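A short worksheet on the structure shown next.
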Amino acid sequence: MSALQTTDKRNISGLILAGGEGRRMAGRDKGLITLADKPLVEYAIACMKPLVDDLSISCNRNHELYLSYQLDCLADKEVSENTDKAYAYQGPMAGLAAGLKHACHEWLLVMPCDTPLMTTAIMAQLLTFVAQQQVDEIQKLQGVIFSHQGLQPLHGLYHRSMLPILERCLAENKNALQRLLRSMDSIQVLSAEEHESSFNNANDPEGLRVIERLLKSY
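Note that this note's numbering has the sequence shown beginning at 7, numbered continuously upward.
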């Protein structure tokens, strides 16, 4: 398991999670919902690009629109070549598994499409944490996630060794990502510094309105 260099993005892959059903948004594709005349996914792309070598989008519809960003688009159903199950809409665990399978590097930096106030500096804290660990500690580590008003598993840095664990859970229809991570000693939880409103998400119309007001105050 390789160490990270915080100033070198060449050994980090990135994934934006945009594959959900958008149930609390009346079925709308959240990544394509506009905020200040810009789709939410564009905020995530801008946040992640400075930190990663290759960046992909986990999406299960509107592929042609996401492909216009000239990034790879990953459907959940392509997660595993060893199962006949379709993983569409099995939640973020399926998107994360697809991202780990596709990633060019051992470490995958992940964020959702619906936290447009998230900053590059905050996401970089995950990379810095791993880079500061001793080699023997890194060998035991499979992921680092943020904690802010509870675990934030969709803002995390995951090692490729997580892939078989996720695939097994999906095959058994145990797709509760947070429950899995809580059970794993190899997952480190990190409190974000100077996060302000960065973890606010546009999970529903009210959440989006709150973010709109916050964005205007910046």
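Each residue gets a CB set at the ideal place from its N, CA and C atoms; glycine is no exception.
Owing to the predicted nature of the structure, the values given are computational and were not obtained by experimental measurement.
In this structure, the CA atom of Glu-202 is about 18 Å from the CA atom of Leu-160. Leaving aside the five residues that flank Val-195 on each side, the residues in its chain whose CB is nearer than 7 Å to its CB run, in chain order, Ile-151, Ser-153, Leu-157. In this structure, Asn-206 places its C-beta atom within 8 Å of the C-beta atom of Thr-121. Within the stretch 61 to 87, the complete alpha helix (DSSP H) segments of 4 residues or longer fall at 69 to 73, listed in chain order. The Cβ-Cβ distance between Pro-170 and Leu-23 does not fall below 8 Å. Ranking Glu-143, Ile-18, Ser-223 by CA distance to the CA of Asp-59 puts Ile-18 first. For Leu-21, the closest alpha carbon among the candidates Ser-74, Ser-223, Tyr-164 is that of Tyr-164. Between Ser-64 and Ala-104 the beta-carbon gap is near 6 Å, inside 8 Å, which marks them as a contact.
For Leu-221, same chain residues with a beta-carbon under 8 Å away, outside a window of 5 residues either side, are Leu-41, Ala-42, Pro-122, Leu-123 in chain order. Secondary structure of Gly-162 (DSSP, three-state): strand.
Following the DSSP letters along the chain, one finds Leu-172 inside the alpha helix (DSSP H) bounded by residues 169 to 177. In the three-state reduction of the DSSP assignment, Gln-145 falls in the helix class, which pools H, G and I. Annotation for Ser-223: no beta strand (DSSP E) segment contains it, though the alpha helix (DSSP H) segment containing it runs 211 to 223. Checking the DSSP bridge columns, you'll see Gln-194 partnered with Val-150.
Listed in chain order, the non-local C-beta contacts of Gln-96 below 7 Å within the same chain comprise Asp-82, Leu-176, Asn-181, local neighbours out to five positions each way being set aside.
With respect to the C-alpha of Gln-76, the residue from Met-129, Leu-214, Glu-48 having the closest C-alpha is Glu-48. If the five residues before and after Leu-187 are omitted, its C-beta is found closer than 8 Å to the C-beta atoms of Gly-149, Ile-151, Leu-157, Pro-159, Ile-193, all from its own chain and listed in chain order. At the C-beta level, Ser-204 and Ile-128 come within 8 Å of one another.
Scanning its chain for C-beta atoms nearer than 8 Å, with the 5 sequence neighbours on each side dropped, one finds around Leu-57 the residues Lys-15, Ile-18, Gly-20, Leu-115, Thr-126, Met-129, Ala-130, Leu-133, in chain order. Contact check for His-108 and Leu-71: beta-carbon distance about 19 Å, past the 8 Å limit, so the pair fails to qualify.
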